[in-house]
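Here the structure is laid out as structure tokens; the discussion comes afterwards.
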Amino acid sequence: MRQLRRFFRTPETVAGAAILVLLVAMALAAPLLFPRDPQAIAGPALLPPFQDWSLPLGTDRLGRDVLAELFHGARTSLAVGLAAAAAALLIGAAVGTLAGFAGGVIDEVLMRVTDAFQTVPSFLLALAFVSIVGPSLGVVVAAIALGAWTGPARVARAEVLSICERDYVAGARVIGMHPLEIAFREVLPNALPPVLALSSVIVAAAILTEAALSFLGLGDPNRVTWGDMIAEGRAVLRTAPYLSIFPGIALVLTVLGVYLAGEGVVESTAVRRSLS
Amino acid sequence: MSVLAVSNLSKRYRRGGKPFAAVDDVSFEIGLAETLALAGPSGSGKSTIARLVLRLIEPDAGRIEFEGADFLSLSGGALRARRARLQMVFQDPLAAFNPRATVARVLDDPLRIHGIASRAERPRRIAALLERVGLDAGLAGRAIHEISGGQRQRVAIARAIATRPSLIVLDEAVSALDVSVRGQILELLLDLQRQERIAYLFISHDLGVIRAVAHRVVILDAGRIVESGDARTVIASPQSAIGKALVAATPKLVRTSQDAA
Numbered sequence: 044m045r046q047l048r049r050f051f052r053t054p055e056t057v058a059g060a061a062i063l064v065l066l067v068a069m070a071l072a073a074p075l076l077f078p079r080d081p082q083a084i085a086g087p088a089l090l091p092p093f094q095d096w097s098l099p100l101g102t103d104r105l106g107r108d109v110l111a112e113l114f115h116g117a118r119t120s121l122a123v124g125l126a127a128a129a130a131a132l133l134i135g136a137a138v139g140t141l142a143g144f145a146g147g148v149i150d151e152v153l154m155r156v157t158d159a160f161q162t163v164p165s166f167l168l169a170l171a172f173v174s175i176v177g178p179s180l181g182v183v184v185a186a187i188a189l190g191a192w193t194g195p196a197r198v199a200r201a202e203v204l205s206i207c208e209r210d211y212v213a214g215a216r217v218i219g220m221h222p223l224e225i226a227f228r229e230v231l232p233n234a235l236p237p238v239l240a241l242s243s244v245i246v247a248a249a250i251l252t253e254a255a256l257s258f259l260g261l262g263d264p265n266r267v268t269w270g271d272m273i274a275e276g277r278a279v280l281r282t283a284p285y286l287s288i289f290p291g292i293a294l295v296l297t298v299l300g301v302y303l304a305g306e307g308v309v310e311s312t313a314v315r316r317s318l319s
Numbered sequence: 078m079s080v081l082a083v084s085n086l087s088k089r090y091r092r093g094g095k096p097f098a099a100v101d102d103v104s105f106e107i108g109l110a111e112t113l114a115l116a117g118p119s120g121s122g123k124s125t126i127a128r129l130v131l132r133l134i135e136p137d138a139g140r141i142e143f144e145g146a147d148f149l150s151l152s153g154g155a156l157r158a159r160r161a162r163l164q165m166v167f168q169d170p171l172a173a174f175n176p177r178a179t180v181a182r183v184l185d186d187p188l189r190i191h192g193i194a195s196r197a198e199r200p201r202r203i204a205a206l207l208e209r210v211g212l213d214a215g216l217a218g219r220a221i222h223e224i225s226g227g228q229r230q231r232v233a234i235a236r237a238i239a240t241r242p243s244l245i246v247l248d249e250a251v252s253a254l255d256v257s258v259r260g261q262i263l264e265l266l267l268d269l270q271r272q273e274r275i276a277y278l279f280i281s282h283d284l285g286v287i288r289a290v291a292h293r294v295v296i297l298d299a300g301r302i303v304e305s306g307d308a309r310t311v312i313a314s315p316q317s318a319i320g321k322a323l324v325a326a327t328p329k330l331v332r333t334s335q336d337a338a
């Protein structure tokens, strides 16, 4: 409870949390409010917003409902963002823990692989990966995770190195615990908090990367995405700018919301730590 | 027959580019159900010896014989299995346990790892261990950070005796406890030694405590043994400069020697 109150103390985190709640509500409500296929034609093409109240945000070049697309796009953005971040954190934490705990040659090899991934710009990596394997939601998630796991790996390794010096790890060795059990049951859970602190940045970056991939036509073609919508609207940017502006605003607000809420979580736990 | 025989043990570190000996050609033996104390000022190599004996770090030279067999040649699964017989209690009982653990989990681990009791049998064994060290069996469900320092050190001792070891290394095991609790823990250790025939390698800088529990004492300085012998004799009339300094630093002992004079 105290932590919750601390979390809601700053207006930024309240705003961030509100945006996130709204986004999740949009994603969950999409199939209820707009049960029809959002990619189906719903009215005349290029209907401007606020004209017809059955199509409040108007329609795009093909006559698709912009509001329905926006709602269904939230599902994609959220799903990809969370899945990619979860995958990146999972891989990163496992690699970092193994490297920090094993030391020696294993550490060297794993960290040089991490270096290699870090030197390649993550967006280029995602672009290349999706181009080769082909666009689908799973591939997009994997492509984004591929460029995002190095940060968590480095943080996890540093944390593991410091935890390995503590007495309770020595104690686990003294009672004859297997090294893998020590690494993943004794060390990893205690190394996680600073790694999880990275999650807001990773989720935000993943949502942006997914939008950028879709914008370049490398998103899942069977799903509505905000990046797709912006790319679609580009052709009629002068006559119907709202087609790019609405998903653009949604994207900016989402990334901002994830980031602010994430920062709030880190702040509130950081205060708790320094107090105890 | 000795439980532990350490001979010519050495461990060097590099400090500021220069090699320096943390432990330098140290030899000692501990007999069955005997308490050998390692005393010395900070940095004299006491804790390094404890970690070497437990194979938490590897020596540069020397031999360690445990229960009559070469302990340094063991590795992997054979070493882990052997660890059941050689346990340790740390100085800070809070740092010695995973901060997320409960009392039950801490005691469950050694029983599970060494296959001492089946899953169904373990809760009963855990309760018995808690009672053996003078704790209420109901404590099992509590988190480690919820219980007091003295209770925590009792849990640490319960964990150490769970696998029925022949030797327990006590690294400043009572130094972090307040005086009244310290006496009770020392009583518990003596009682366990009498009943279970456990030998102790008792590391401390406090000669008062050492005199109360140890049979023999080894005094270290800068990684070398400077004096050793019967605990009471050595503490009553230390021969080495470090031994004299340690006795002088223990207020109660100075007073007793004045009383005797």
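From first to last, the protein sequence lines are chains A and B.
Heads up, our numbering is the position in the first sequence plus 43, with the first residue counted as 1.
Heads up, our numbering is the position in the second sequence plus 77, with the first residue counted as 1.
Every residue, glycine too, gets a C-beta built ideally from N, C-alpha and C.
Keep in mind it's a predicted model, so treat the numbers as computed, not measured.
- Think of a sphere of 7 Å around the beta carbon of B/Ala173: the chain A residues whose beta carbon falls inside it are Asp210, Tyr211, Gly214, in chain order.
- Proximity of the stretch 271 to 283 of chain A to the stretch 101 to 109 of chain A meets the contact definition, three or more beta-carbon pairs being nearer than 8 Å.
- The beta carbons of A/Gly305 and A/Ala60 sit no closer together than 8 Å.
- Burial is judged here by how many other beta carbons sit within 10 angstroms of a residue's own beta carbon; B/Arg160 has at least 16 and is buried.
- In its chain, beyond the 5 residues on either side, Leu115, Gly117, Ile280, Leu297 have a beta carbon closer than 7 Å to the beta carbon of B/Lys123.
- Per the C-alpha coordinates, the member of B/Leu266, B/Ser314, B/His191, B/Arg309 positioned closest to B/Thr240 is B/His191.
- Annotated as proximal: B/Ser104 and B/Ser84, with beta-carbon spacing under 8 Å.
- In the three-state DSSP reduction, B/Arg91 falls in the strand class (E or B).
- Beta-bridge annotation (DSSP): A/Leu47 is not paired with any residue.
- Within the stretch 116 to 174 of chain B, the alpha helix (DSSP H) runs of at least 4 residues that lie entirely inside it are, in chain order, 123 to 130, 153 to 159.
- According to the DSSP secondary-structure assignment, A/Arg107 is paired through a beta bridge with A/Ile84.
- Listed along chain B are Arg177, each with a C-beta nearer than 7 Å to that of A/Pro232.
- Taking the Cα positions, B/Glu249 is about 25 Å away from B/Arg92.
- A/Gly147 is classed as exposed because its beta carbon has fewer than 16 other beta carbons within 10 Å across all chains shown.
- Taking one beta carbon from each stretch, the stretch 201 to 219 of chain A and the stretch 159 to 175 of chain B have 3 or more pairs nearer than 8 Å; the two touch.
- Assigned with DSSP and collapsed to three states, B/Glu273 falls in helix.
- At a cut-off of 8 Å between beta carbons, B/Pro187 contacts chain A.
- DSSP places B/Glu304 inside the beta strand (DSSP E), whose first and last residues are 301 to 307.
- In the structure shown, the three-state DSSP call for A/Val163 is coil.
- According to the DSSP secondary-structure assignment, B/Ile296 is paired through a beta bridge with B/Ala116, B/Glu304.
- For B/Asp248, the enclosing beta strand (DSSP E) has its first and last residue at 244 to 248.
- The three-state secondary structure of A/Asp271, taken from DSSP, is helix.
- Take the alpha-carbon of A/Ile62 and the one of A/Thr162: they are about 34 Å apart.
- In this structure, the straight-line span from the alpha carbon of B/His292 to that of B/Leu113 is close to 6 Å.
- At least one C-beta of chain A is nearer than 8 Å to the C-beta of B/Arg236.
- Residue range 54 to 76 is occupied by the alpha helix (DSSP H) that includes A/Met69.
- For B/Val286, the enclosing alpha helix (DSSP H) covers residues 284 to 290.
- Taken through DSSP and simplified to helix, strand or coil, B/Glu111 comes out as coil.
- Taking the CA atoms as reference points, B/Val256 sits about 37 Å from B/Arg140.
- Residues of chain A with a Cβ closer than 9 Å to the Cβ of B/Leu133 are, in chain order, Ala213, Arg216, Val217.
- Residue range 193 to 206 is occupied by the alpha helix (DSSP H) that includes A/Glu202.
- A straight-line Cα-Cα distance of about 51 Å links A/Gly262 and B/Val180.
- With 16 or more other Cβ atoms from the protein chains shown falling within 10 Å of its own Cβ, B/Ile245 counts as buried.
- For B/Ile238, the enclosing alpha helix (DSSP H) has its first and last residue at 226 to 238.
- Taking a Cβ-Cβ threshold of 7 Å, the residues of chain A close to B/Arg160 are Val217, Ile218, Gly219, in chain order.
- Leaving aside the five residues that flank B/Gly211 on each side, the residues in its chain whose CB is nearer than 7 Å to its CB run, in chain order, Arg231, Leu265.
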